[in-house]
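Engineer: Throughout the sequence shown, residue numbering follows full-length UniProt numbering, covering 1 to 463 in sequence. Sharing a structure here in structure tokens format.
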Amino acid sequence: MPQGFRVELSDDTKVCDGGRLLLGTSSGVVLRLRPHAVERLRGRALVVSDATSATLARALLVRGLADPAWSDDSSRRDLSDLTVVVPVRDRPRQLDRLLATVPASVPVMVVDDGSTDPSSVAAVAAEHGAGLLRHDRSRGPAEARNAGIRSATTGLVALIDSDVLLEPGTLTTLRRHLDDPAVAVVGPRVLSIEQRPTGWIARYEAARSSLDLGPRPARVAPGTRVSYLPSAALLVRRAALGDGFDGSMQVAEDVDLIWRLTSAGHEVRYAPEAVVRHEHRIDVRDWMNRKVFYGSGAQLLAERHGDLVAPMRLSASSALAVAAVLAQRPWSAPVAVTALAAGGTRSAYRLRSVDHPVRTAAALTAMTGAGALWQTASSLTRHHWPAAVAAALVSQRARRAVVVAAVAEAVADHRRVRPDLDLARYAVAHRLDDLAYGWGLWAGAWRARSARALLPSLHERKL
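As structure tokens, then:
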């Protein structure tokens with residue numbers, strides 16, 4: 001890690017026991033610090049000045065407890081080590097719009113993936129001084145990106161889809177993350193190209209697009225708050241990519257790449273301070289078809305990555321609590337509370353060396369319970385809705401659970417996202433989003449004759 005590199009504790013990292021314990025309130029990650037580390041980490045910030053501070057900074061980053069931090073002018077840098085690669089099939093208008101936003105000093109390679117009118121794509125590339133590779137027939141976006149990466153001579157490559165616009169400073173803001181040699185990929189926030197969308201689907205997508213991972217920076221890894229990066233815009237280190245994207249995948253190839261990189265020990269960052277604008281699908285049929293398409297990728301990921309794609313990740317105690325709540329029996333509440341209390345007791349024992357083990361364990365248990373309920377609502381309304389609907393046809397308790405989950409989750413999500421859209425239309429769009437994704441998920445599982453993408457995963461937090 002370079003000298004002078006600065007990290008700051010994330011907004012959701014709580015400092016406990018006089019600085020000896022760090023708690024990620026979103027992830028549940030716990031890190032105990034030794035006295036010399038406590039001395040280094042004062043005021044929630046740390047500047048790398050020697051091997052000890054570098055080790056501490058790395059520990060904070062890889063656990064998702066801290067994020068890189070820079071001064072306002074630190075994004076002003078040379079981009080001579082970077083090439084922009086744009087995979088495209090037809091779309092000359094969108095390509096022209098994108099290339100107009102790329103800094104003039106940055107080399108660009110356009111990869112025409114079997115356009116029906118290749119001359120129009122070639123004309124746009126020539127007008128902007130971009131290089132051009134052409135596939136006579138379409139090989140898919142993954143192979144188009146791979147071809148562009150192979151053609152680049154720079155160490156870094158920015159992969160930008162043709163339906164994206166770069167905002168001023170996007171590339172320089174992303175570039176600074178690659179000063180950390182452990183980082184292989186960094187992605188920006190992807191917002192709607194429409195500053196003031198008008199239709200209800202457009203307004204929903206502006207607030208809840210699958211490509212928009214939110215305003216908070218994050219370390220990207222499976223099973224965390226930000227588990228993937230969309231390939232709409234990525235800055236990658238060529239030396240870390242190996243064979244690049246899996247060309248056999250037409251969907252979820254970006255998730256697959258990110259998970260292979262993190263499995264190999266590379267770091268991946270989400271940097272929402274850098275922004276690109278994306279032309280979202282706003283026609284209802286096109287929009288829902290895209291959600292179905294996204295859902296179908298889960299089975300491909302399950303075949304390659306096993307339970308990393310699990311739609312629910314619960315501890316044994318929280319799974320028992322969820323089962324008790326869903327049973328809706330007189331004993332449900334006592335069993336659920338007892339199960340969570342047992343999990344909290346185990347956490348308190350493992351944290352017995354800290355000043356307030358019971359208080360800290362109680363906070364962890366509350367987060368675990370809330371997270372389990374949220375995952376259950378998502379399961380009933382999104383990932384497992386076909387099974388939930390089938391159960392609701394024959395069971396009053398199942399009907400009650402589905403209705404409560406659908407309404408409560410929509411209200412809570414509307415409050416969390418705060419979209420420019422009233423609750424009723426937001427709830428309808430949100431449920432359509434879930435229905436389409438879940439349909440694609442189950443269709444992919446049916447085609448593969450495998451339930452791997454549908455199965456929950458049990459795991460215990462390590463303290």
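C-beta: ideal position from N, C-alpha, C; glycine also.
Tell me which residue opens and which closes the beta strand (DSSP E) that Met109 is part of.
Structural biologist: Val108 to Asp113
Engineer: Please report the straight-line C-alpha distance between Leu380 and Ala405, rounded to a whole angstrom.
Structural biologist: One C-alpha to the other measures close to 7 Å.
Engineer: Rounded to whole angstroms, how far is the Cβ of His430 from the Cβ of Ala410, which I believe are closer than 8 Å?
Structural biologist: 5 Å
Engineer: Look at the alpha carbon of Pro92 and the alpha carbon of Val121, and state the distance between them as a whole number of angstroms.
Structural biologist: Straight-line spacing of the CA atoms in Pro92 and Val121 works out to 5 Å.
Engineer: In this structure, how does DSSP classify His135 when only helix, strand and coil are distinguished?
Structural biologist: strand
Engineer: Just reading off the alpha helix (DSSP H) that Ile201 is part of, what are its end residues?
Structural biologist: Trp200 to Arg208 is the span of the alpha helix (DSSP H), which, as asked, contains Ile201.
Engineer: Within the continuous alpha helix (DSSP H) that includes Val284, where are the two ends?
Structural biologist: Val284 to His305
Engineer: Note down the Cα distance separating Asp161 from Val88, rounded to an integer number of angstroms.
Structural biologist: 7 Å
Engineer: Do the CB positions of Ser105 and Leu79 come within less than 8 Å of each other?
Structural biologist: yes
Engineer: Please classify Thr368 as buried or exposed, where buried requires at least 16 other C-beta atoms within 10 Å of its C-beta.
Structural biologist: A buried status is given to Thr368, since no fewer than 16 other beta-carbon atoms sit within 10 Å of its beta-carbon.
Engineer: To which residues does DSSP link Asp67 through a beta bridge?
Structural biologist: Glu8
Engineer: Mark Leu458 as exposed unless 16 or more other C-beta atoms lie within 10 angstroms of its C-beta, in which case mark it buried.
Structural biologist: exposed
Engineer: Look up Glu273 in the DSSP assignment and say whether it is helix, strand or coil.
Structural biologist: strand
Engineer: Comparing the CB of Arg216 with every heavy atom of the ligand GTP, is any distance shorter than 7 Å?
Structural biologist: The model depicted lacks the ligand GTP and carries no ligand whatsoever.
Engineer: Quick one: using the 10 Å Cβ neighbour count with 16 as the cut-off for buried, is Trp442 buried or exposed?
Structural biologist: buried
Engineer: What does the alpha-carbon distance come out to for the pair Gln396 and Ala387?
Structural biologist: Distance from the CA of Gln396 to the CA of Ala387, rounded to the nearest whole angstrom, comes to 14 Å.
Engineer: Under three-state DSSP, which class holds Pro87?
Structural biologist: strand
Engineer: Taking only the alpha-carbon atoms, compute the straight-line gap between Glu8 and Ala184 and give it to the nearest angstrom.
Structural biologist: 20 Å
Engineer: Between Gly187 and the rest of its own chain, which residues show a CB-CB distance below 6 Å, the 5 nearest in sequence each way excluded?
Structural biologist: Leu229, Leu234 and Tyr270
Engineer: Taking buried to mean at least 16 other C-beta atoms within 10 Å of its own C-beta, is Gln195 buried or exposed?
Structural biologist: exposed
Engineer: Helix, strand or coil: which one does DSSP assign to Gly187?
Structural biologist: strand
Engineer: Within the 8 Å Cβ cut-off, does Ser105 reach chain C?
Structural biologist: Of the chains in the structure shown, none is chain C; there is only one protein chain.
Engineer: Is Trp352 helix, strand or coil when you go by DSSP?
Structural biologist: According to the sequence displayed, residue 352 carries Arg and not Trp. Three-state DSSP puts Arg352 in coil, outside helix and strand.
Engineer: Who does Val164 pair with in a DSSP beta bridge?
Structural biologist: Paired residue(s): His278.
Engineer: May I ask which residues mark the beginning and end of the alpha helix (DSSP H) holding Ala445?
Structural biologist: Leu423 to Ala448
Engineer: I'd like the list of long-range same chain contacts for Val358, defined as Cβ closer than 7 Å, with 5 residues on each side in sequence excluded.
Structural biologist: Ala348
Engineer: DSSP on Gly265, reduced to helix/strand/coil?
Structural biologist: coil
Engineer: Measure the beta-carbon distance from Val275 to Thr172 and round it to whole angstroms, keeping in mind my assumption that it falls under 8 Å.
Structural biologist: Going by Cβ atoms, the distance from Val275 to Thr172 rounds to 13 Å, so no, they are not a contact pair.
Engineer: Per the DSSP calculation, Thr13 is bridged to which residue(s)?
Structural biologist: Gly24
Engineer: Starting from Arg313, follow its DSSP beta bridges and name the residues at the other end.
Structural biologist: When beta bridges are read from the DSSP output, Arg313 appears opposite Ser457.
Engineer: Can you list, in chain order, the residues of its chain with a C-beta nearer than 6 Å to that of Val236? Leave out the 5 residues immediately preceding and following it.
Structural biologist: Val157 and Val185
Engineer: Quick check on Pro334: buried or exposed, where buried means 16 or more other Cβ atoms within 10 Å of its Cβ?
Structural biologist: exposed
Engineer: Provide the residue span of the beta strand (DSSP E) that contains Ala45, from first to last.
Structural biologist: Ala45 -> beta strand (DSSP E) spans Ala45 to Val47.
Engineer: Could you check whether the stretch 123-140 touches the stretch 58-74, counting it as contact only if at least three pairs of C-beta atoms, one from each stretch, sit closer than 8 Å?
Structural biologist: no
Engineer: Taking the alpha helix (DSSP H) that residue 464 belongs to, which residues open and close that run?
Structural biologist: Because residue 464 is not part of the residues shown, which for the chain are 1 to 463, the question remains open.
Engineer: Using a 10 Å radius around the Cβ and a threshold of 16 neighbouring Cβ atoms, would you call Gly18 buried or exposed?
Structural biologist: exposed
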